[in-house]
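Numbering (the numbering used here), first residue to last: 4 to 130.
Structure record follows, encoded as structure tokens.
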């Protein structure tokens, strides 16, 4: 279950990068405030549907975000590192290949320090 939670957190981070790339393009076309409004409305609708269809009844409803489940099983530090790793990996792919309408920025050794910091944090034993 730990591996599944780490993979889901990495996927969540990767999806954050995809969202940033799409929002950057959308914001340039329709304006920043309209883009933000669309993002938040769409997020609220998706969250409401997820709660309605999948969340068991509670007296208090929370956002059913995978990180919440992952933190309970693998801890805050590992979850955070996994999300950041996924975000960095997808960001480098989007930049390198120019996906989602963004300008291609070739991968270079100068871009490695950010990835290296994440890998270093992954090697640190939990306290």
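C-beta atoms are modelled at their ideal positions from N, C-alpha and C, and glycine is treated no differently.
Since this is a predicted model, take the numbers as computed values, not measurements.
Exercise for the section: Have a look at residue 64 and residue 110 and give me their C-alpha separation to the nearest angstrom. Expected result: Confidence is the limiting factor: at residue 64 the pLDDT is only 40, short of 50, which leaves the residue's position unreliable and the question unanswerable from this model.
Problem - Span of the alpha helix (DSSP H) around residue 52 - result: Where residue 52 is concerned, the enclosing alpha helix (DSSP H) stretches over 35-57.
Practice task
Within 10 angstroms of the Cβ of residue 75, are there 16 or more other Cβ atoms? Answer buried if so, exposed if not.
Solution key: Of the other Cβ atoms in all chains shown, fewer than 16 fall within 10 Å of the Cβ of residue 75; this residue is therefore exposed.
Handout entry: Backbone secondary structure at residue 101 - three-state DSSP
Key = The three-state reading of DSSP puts residue 101 in coil, since its state is none of H, G, I, E or B.
Exercise for the section: Determine the direct distance from the alpha carbon of residue 90 to that of residue 38, and round the result to whole angstroms. Expected result: Looking at the two C-alpha atoms, the distance is approximately 21 Å.
Problem - Residues near residue 103 by beta carbon distance below 8 Å, same chain, minus five either side - result: Cβ within range, chain order: 21, 24, 25, 28, 97.
Problem - Reduced DSSP category for residue 21 - H, G, I as helix; E, B as strand; rest coil - result: Residue 21 falls in the helix class under three-state DSSP.
Exercise for the section: Using three-state DSSP, classify residue 111 as helix, strand or coil. Expected result: In the displayed model, residue 111 falls within coil according to three-state DSSP, outside both helix and strand.
Practice task
Please report the Cβ distance between residue 107 and residue 100, rounded to the nearest whole angstrom; I am assuming they are in contact, meaning their Cβ atoms lie under 8 Å.
Solution key: Indeed, because the Cβ distance is near 6 Å, the residues count as touching under 8 Å.
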